[in-house]
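When you read off a place in the sequence shown, starting at 1, and then add 86, the result is the number in the working numbering.
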Amino acid sequence: DDPFLPYVLREVIHDPEFPQLLRLYEAGLPPWAIYMPMYTGLYRRWMRIIMCGIIVLISCVSMLLGFYDLYTRIPAVRALLKQVLGPLNSKLEELVIVRFSVL
Numbered sequence: 087d088d089p090f091l092p093y094v095l096r097e098v099i100h101d102p103e104f105p106q107l108l109r110l111y112e113a114g115l116p117p118w119a120i121y122m123p124m125y126t127g128l129y130r131r132w133m134r135i136i137m138c139g140i141i142v143l144i145s146c147v148s149m150l151l152g153f154y155d156l157y158t159r160i161p162a163v164r165a166l167l168k169q170v171l172g173p174l175n176s177k178l179e180e181l182v183i184v185r186f187s188v189l
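Have a look at this one:
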């Protein structure tokens, strides 16, 4: 009964065959998370949790690689870290070099 909801979408959401669809739609789930389990059976909740974890992991790794790139290419960042961390900087630098040499 929402006047801003398009007619076709209103028919799909208020379908008596799928009464839980309106609740899922209002919960903010993406459309693929609603239709994949209905029609293919390939999607489960644990898949969404794993995918969210993978996206967060990729974001953190790319951020760390960006900071490492700043550290290696801009001398001011290296000097700032030496000033702030003091003696810890040499140990951190050795650790970073060993870690990235493995990659």
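Even glycine gets a Cβ: it sits at the ideal position worked out from N, Cα and C.
Every value quoted in this text rests on a predicted model; they were computed, and no experiment measured them.
May I have a chain-ordered list of the alpha helix (DSSP H) segments no shorter than 4 residues that lie completely inside the segment 96-178?
Within the segment 96-178, the runs of alpha helix (DSSP H) at least 4 residues long that lie entirely inside it are, in chain order, 106-112, 117-125, 131-159, 161-171.
Thinking VAL163 and LEU156 are a contact (beta carbons under 8 Å), I'd like their distance in whole angstroms, please.
Sequence index remark: in the sequence shown, residue 163 carries index 77 (1-based). Sequence index remark: in the sequence shown, residue 156 carries index 70 (1-based). Beta-carbon to beta-carbon, VAL163 and LEU156 are separated by about 5 Å, close enough to satisfy the 8 Å threshold.
Does the separation of the CB atoms of TYR154 and VAL184 fall below 8 Å?
Here the question's residue 154 lines up with position 68 in the sequence shown. Here the question's residue 184 lines up with position 98 in the sequence shown. Not closer than 8 Å, so no.
Measuring straight from C-alpha to C-alpha, what distance separates ILE136 and LEU167?
Taking the first residue of the sequence shown as position 1, residue 136 is located at position 50. Taking the first residue of the sequence shown as position 1, residue 167 is located at position 81. Approximately 35 Å, taken between the alpha carbons.
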